[in-house]
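K.L.:
What the sequence shown shows, in our numbering, is residues 1 to 216, in sequence order.
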Amino acid sequence: MTLRSESVGYVVGDVRILNDVSFTVEPGTALAVAGPSGSGKSTLLALLAGLDDPTSGAIMLGEVAPPERRAEIGVVLQNYGLPALLTAAECVEFALQVRDLPRREITERAAHALERVRLTDVADHLVEELSGGQRQRVAVARALVAEPMYVFADEPTSELDRALRGHTMTEVLRERDRGAVLVLTTHDDEVAYRCDAVLSLADGQVTSYDRVTQPD
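1) Checking the sheet assignment: what are the DSSP bridge partners for Ile17?
2) Between Thr24 and Leu3, which are expected to be in contact by the criterion C-beta below 8 Å, what is the C-beta distance as a whole number of angstroms?
3) Inspect the beta-carbon positions of Ile17 and Gly204 and report whether they are closer than 8 Å.
4) Ordered along the chain, which non-local residues of its own chain (more than five positions away) have a Cβ less than 6 Å from that of Ser56?
5) Label Gln97 either buried or exposed according to how many other C-beta atoms from any shown protein chain fall within 10 Å of its C-beta, with 16 as the threshold for buried.
6) With three or more beta-carbon pairs closer than 8 Å as the criterion, would you say the stretch 170–187 touches the stretch 29–49?
7) Please confirm whether Leu201 and Val15 have their CB atoms less than 8 Å apart.
8) Less than 8 Å between the C-beta atoms of Ala153 and Val172, yes or no?
9) Between Val67 and Ile59, which are expected to be in contact by the criterion C-beta below 8 Å, what is the C-beta distance as a whole number of angstroms?
Written out as structure tokens, the structure reads:
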């Protein structure tokens, strides 16, 4: 179902972080949100995911606001949001435990999600034992494991080397191919232009919205 941001604004105290941000993302589409640090990218992503509410305007996932679609949303946070004393596998499994699935299916799906991001060898390692890049990929696996209809990822490849960045983006973009709405923030032009469109922010406002023509 279509994502719509309708004249969204966000103010903290006297500081306006977002102002009149409007755009639409259709199912099966990947949107990159680009812009310098402080432009409002992470704030926008948090609003899209229902982690906070806009001060003005509205965000709609289909016909309802994000909190009403919580079970259909996968999120990759910039700080990962992973409990330090759980294993990588347990972190990913947690995203499935609210779905009343058989234990065996939860285990198998979590293992497959970790395999997708090349982390099979650290599945039993505690999060606190993992590198930043490994934690980032665990967060990606956790966001994708339940096959959500909306995926919101904040800088999902920022700590990865070139090879892992390319592979992880390929896995994230597979969500678009199965019909999900995908929105990610990035500083990386190479990542941004693998998406279908790029929304540029500066000082909390949209400065451009460009469709991307993919090479044949």
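Positions of the beta carbon are idealized from the N, C-alpha and C atoms, including for glycine.
P.N.:
On the basis of the coordinates in this document:
1) For this step, residue 17 is matched to residue 17 along the sequence shown. Bridge partners of Ile17: none, in fact.
2) Translated into the one-based positions of the sequence shown, residue 24 becomes position 24. Translated into the one-based positions of the sequence shown, residue 3 becomes position 3. Going by Cβ atoms, the distance from Thr24 to Leu3 rounds to 7 Å, so yes, they are a contact pair.
3) As a working note, residue 17 is residue 17 in the sequence shown. As a working note, residue 204 is residue 204 in the sequence shown. Yes, Cβ-Cβ distance for Ile17 and Gly204 is below 8 Å.
4) Translated into the one-based positions of the sequence shown, residue 56 becomes position 56. Once the five neighbours on either side are set aside, the close Cβ partners of Ser56 are Gly9.
5) Along the sequence shown, one-based indexing puts residue 97 at 97. Gln97 comes out exposed.
6) yes
7) Residue numbering aside, residue 201 sits at position 201 when the sequence shown is read from its first letter. Residue numbering aside, residue 15 sits at position 15 when the sequence shown is read from its first letter. Contact: no.
8) Here residue 153 refers to the residue found at position 153 when the sequence shown is read from its first residue. Here residue 172 refers to the residue found at position 172 when the sequence shown is read from its first residue. Taking 8 Å as the Cβ cut-off, Ala153 and Val172 qualify as a contacting pair.
9) By 1-based counting over the sequence shown, the position of residue 67 is 67. By 1-based counting over the sequence shown, the position of residue 59 is 59. Reading off the sequence, residue 67 comes out as Pro, not Val. The Cβ separation is near 10 Å, so there is no contact.
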